[in-house]
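Take a look at the structure below.
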């Protein structure tokens, strides 16, 4: 880099630039279009010398012009000029307007070349070599920085990446590249910045950056590449900037300093269209760019009625639809624009419009990151880096991976002649995740769990698919082929969905989403193919995980355009609104920090330069946004502005500083009104067309999940013990759980839920009750046996490959069981012995174990039999007293009376749990030789507090038991009659709240009591 260039000087006056002031009242593109047509003959036709001035990138696609033909003398010939605009939307709109004007006039049309401002430098000098892409620049910086002296590099960052951390070095390289881009845009080199430093530490940092930059350029030269910004600064230093064709700038009022200096050196005709009256010429420099200090006191022509207060993003979105309804009375769809100041506002507005059947078009389009392909790449990166069951469970939920695994099981079933595809493998995997909490994919799963073999098969299927990634380090361009191969197995021939008619297209969300996925797949393969052209000298070998992460990041940034249509309302970003020519604008979110956007500080820049540079950028952005706002207010018939209080993520958003571009009184009054007034919301409903009325509704409406209503006549004939308390709490939730058999299944939990911790303790106690030491009186031996049985149960249920939180909870269970050992020893000393554990009764007339006939358990009521099921944690017997006790293990410290009875406002009590009264009814079916009145019923509380861990016998009166029997009969009759209305008071703990979010419900294969009894 020559020392004579990039010293930060401003552009000189450009006498050859013709500024065309277009006023405020007419959209700038409209005025520019008329001017270009009227002056199309002044340039003539120029033969382009393409070989003399290679371009930075391929030029934009152009609308086909009309051939000159016999009417060439009357043709609109703009083929000899280059048009430069600030946005792709402005380019496409001006193309459209010029072509339509030529067609309306019946004149032949030869279009100009269109460029974005970012590509303007490529027109002004000859490139010394092929441009380095952003990624190649990052690779070159990473190589230089990683090979630098660590002591010198620490002047830049105190903590260096690990030597073998490719991603870490690339992140640092990206930061350095952006610093260079920001500096060079202000016509500064690193050497020029070094001359401005104020202390020794900053001087050492910038001296290192200057040397590193020289090494970086040398790396690019070896690779036969060049840095675009460095080449531009060299051209400025050598006064080599020139243009072969006349340039016309349209709305380019915020050019970087480097571009201004380049334009000051050219001697070809230069025209700049400025949206302002000529009386404001002093507010613009010689190139038609804004002079920031002139706009600090500019007053915007805004009226109070144009400002509308709104709350959060939901209210703002609703406000937009209210404005659309208002505008719709006077304007067609293509005459209305929705403006947003931040991309986070787009989706809520789209959703609100979709519910009202209003089709929208987002000029922003999408990125691949927002599509199925982008999500797949993210899931792949996480899976390969973590290699745990949680990342696998997330990966196989992706639609394409799910289909691959489904096809695997289908293929296996066909080969084996079995019915393997009938197994809901994803639910089984979720059950494993929700109940065993497995960690590493490389460690064995619990062998006694029936889901383990199936989960291993799922893992092996995914590993087979990803086997090409299991290779040694290689170049990124080689990995791009491997990633394309992996993706190709899921997307072998992506086909666009066929749409029967244009009428169906806007409302068919599934088809549009599928088409976007196809576009994303095609774009991804193009980008991966492009990586094969990566410069060989810059392409260093990396491992597969690093390559996958790098490629995923580049794929995520790919832009996918939306499809415009005359029947769609366009959604434009802030920077596109100034050149939009729609007569009506609904602008959402005139708030800080969206407008004006503040320049963030750079920790590498010297403090003095950073302050002046940030201030310069902020002043320029304020001037740009004030100027743009003035265009929006004056260049259209209707402009309404929503000012919210919170952003989409809930952050407070005060009104924009642009509202201060007024008199002090006006600004104060408006801000106070926006912060204190509340908009009167108007309900907007969609109109039904004739076709919908004939069909009884919109066949393409959005189907949101709704809980299933009870089906008439659908009920169950057998009830478990817990079914009664469930019905008393909420008949509808009883219907979901016991009739439809929908049970919550949450695979996102990181630790045992309360009921699962209860199962852990219960399992240890059950195994103890079956052991030879069940009647042991020595507390130490009981404790040792209980803890041994606890670990036996934990090993069977969770294994060693489980979450660390589960291991901690096992330790917590150990502590509780130590207290249980003391209470058990006391009970044995008192003469009680464990008679049975896990005894059960059911509605069958055949014993499940012995296969012998038995009496069915149930209720004969109104001449109809209803079966009952129950499982009993523990039955104790006292031989000396000939007494019996039925105990239920609970991992809380509440007394039976507290859990079964609820005190009402009048002082009376009502039953809310019928477990122990039902146990009392089952006593004869348990073959207990005692009158049920004499059998003790209670809890063995295994509580968190040692003082609450003990046996608590219930003290219900016979009158209360009689009330319980009546309530049991009531529940049976109601369930028989299919009375499943939701409880008006709701429930304290709602297992089905997650049905309205992201949880999964599963249909149980059986209604075994082991999954029913509350722990």
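In our numbering, the protein residues as written are 5 to 1019. From the three backbone atoms N, C-alpha and C, an ideal C-beta is built for every residue, glycine too.
In the same chain as residue 727, and ignoring 5 residues on each side of it, the C-beta atoms closer than 7 angstroms to its own belong to 738 and 742, in chain order.
A contact is defined here as three or more CB-CB pairs under 8 angstroms, and the segment 548 to 562 meets this definition with respect to the segment 515 to 533.
Using a Cβ distance threshold of 9 angstroms, residue 392 and residue 450 do not count as a contacting pair.
Counting C-beta pairs with one atom in each stretch, the segment 87 to 106 and the segment 206 to 222 have fewer than three that are closer than 8 angstroms, which means they do not touch. A straight-line Cα-Cα distance of about 11 angstroms links residue 236 and residue 127. Boundaries of the beta strand (DSSP E) harbouring residue 21: 21 to 25, taken from the DSSP string.
In the structure shown, residue 882 falls within a strand segment according to DSSP collapsed to helix, strand and coil. Closest by C-alpha distance to residue 718, out of 740, 352, 730 and 535, is 740.
Beyond the five residues adjoining it in sequence on each side, residue 576 comes within less than 8 angstroms, by CB distance, of 93, 341, 342, 343, 344, 367 and 584 in the same chain, given in chain order. Here the alpha carbons of residue 309 and residue 757 stand approximately 55 angstroms from one another. Between the beta-carbon of residue 837 and that of residue 883 there is about 7 angstroms, and that keeps the pair under the 8 angstroms contact cut.
Between residue 846 and residue 861 a beta carbon distance of about 6 angstroms is seen, short of the 8 angstroms cut, so the two are scored as contacting.
Residue environment analysis places residue 786 among the buried positions, since at least 16 neighbouring C-beta atoms fall within 10 angstroms of its C-beta. If you draw a straight line from the Cα of residue 864 to the Cα of residue 720, it is about 15 angstroms long.
When DSSP states are grouped into helix, strand and coil, residue 186 belongs to the helix group. The three-state secondary structure of residue 238, taken from DSSP, is helix. Distances from the alpha-carbon of residue 475 to those of 120, 487, 874 and 465 put 487 closest.
Per DSSP, reduced to three states, the secondary structure at residue 592 is strand. In summary, residue 619 is exposed, with fewer than 16 beta-carbon neighbours lying within 10 Å of its beta-carbon over all protein chains present.
Contact annotation: the segment 530 to 538 touches the segment 478 to 485, with at least three C-beta pairs closer than 8 angstroms. Taking the Cα positions, residue 260 is about 13 angstroms away from residue 289.
The closest CA to that of residue 942, considering only 935, 436 and 960, is found on 960. Annotation: the segment 457 to 497 contains the following complete segments of the alpha helix (DSSP H) (minimum length 4 residues), in chain order: 480 to 494.
By the criterion of at least three beta-carbon pairs nearer than 8 angstroms, the segment 800 to 811 is not in contact with the segment 821 to 828. In this structure, residue 797 keeps its C-beta atom at 9 angstroms or more from the C-beta atom of residue 843. Around the beta carbon of residue 850, fewer than 16 other beta carbons sit within 10 angstroms, so the residue counts as exposed. A Cβ-Cβ distance of about 16 angstroms is found for the pair residue 548 and residue 382, leaving them out of contact under the 8 angstroms criterion.
Of the other Cβ atoms in all chains shown, fewer than 16 fall within 10 Å of the Cβ of residue 908; this residue is therefore exposed. The beta-bridge partner set that DSSP reports for residue 913 consists of 907. Around the C-beta of residue 465, 16 or more other C-beta atoms lie within 10 Å, and the residue is accordingly described as buried. Residue 579: member of the alpha helix (DSSP H) spanning 578 to 581, first to last residue. Residue 398 sits close to residue 386, with the two beta carbons spaced by under 9 angstroms. Rounded to whole angstroms, the separation of the alpha carbons of residue 281 and residue 638 is 12 angstroms. If you draw a straight line from the Cα of residue 856 to the Cα of residue 927, it is about 19 angstroms long. A check of alpha carbon separations from residue 923 across 888, 980, 946 and 989 identifies 888 as the nearest. Annotation for residue 39: the continuous alpha helix (DSSP H) segment containing it runs 32 to 42.
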